[in-house]
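Have a look at the structure below before the remarks.
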Amino acid sequence: MANQITPHFQNSMGVAKIEIGTKEFKCIGALPPYDHPHVYLDMGDENEIVCPYCSTHFVHNADLKPAAASPAEAAYNKQSA
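Each residue of the sequence shown is one higher than the one before, counting from 1 in full-length UniProt numbering.
And the structure:
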């Protein structure tokens with residue numbers, strides 16, 4: 001993933017689970033200015049992980065593109081924020 005930008009995801013919606021198309025990403029919590037420290041998370045061999053800051057449950061969904069999420073608004077793009 002060294003040649004790619006690490007996808008960022010947020011949970012301003014307050015949902016319990018977010019499906020994402022990658023296993024390596026950054027969780028930012030809520031949208032700025034209410035974000036938490038941007039933490040790099042890596043699922044490794046697992047298919048899910050819980051953010052240690054906001055407790056969002058992220059689940060890998062191989063049918064999604066790497067920067068995509070379900071719900072779609074969980075995918076964070078700094079340029080569009």
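Even for Gly, the Cβ is constructed at its ideal location relative to N, Cα and C. Quantities reported herein were computed from a predicted structural model and do not represent experimental measurements.
Give me whichever residues DSSP pairs with residue i in a beta bridge.
i     : result
Lys26 : His8 and Tyr40
Ala70 : Ala is not the amino acid found at residue 70; the sequence shown has Ser there. Answer is Glu19.
Tyr76 : His8
Asp35 : Gly29
Counting along the chain, where does the beta strand (DSSP E) carrying residue i start and finish?
i     : result
Glu19 : Lys17 to Ile20
Glu48 : Glu48 to Val50
Under a CB-based cut-off of 7 Å, is residue i close to chain C?
i     : result
Pro52 : In summary, chain C is missing from the structure at hand, where a single protein chain is found.
Out of the options, which one is the CA nearest neighbour of residue i?
i     : options                       : result
Glu76 : Lys26, Lys17 and Ala16        : Note on residue identity: the sequence assigns Tyr, not Glu, to residue 76. Of Lys26, Lys17 and Ala16, the residue nearest in Cα terms is Lys26.
Pro52 : Ser12, His36, Lys78 and Glu73 : His36
Ala72 : Glu24, Val15 and Tyr34        : Val15
Tyr34 : Ile18, Asn11 and Leu41        : Asn11
Ser55 : His38, Gly29, Lys23 and Glu19 : Gly29
Any 3 or more C-beta pairs closer than 8 Å across the region 37–52 and the region 64–71: no
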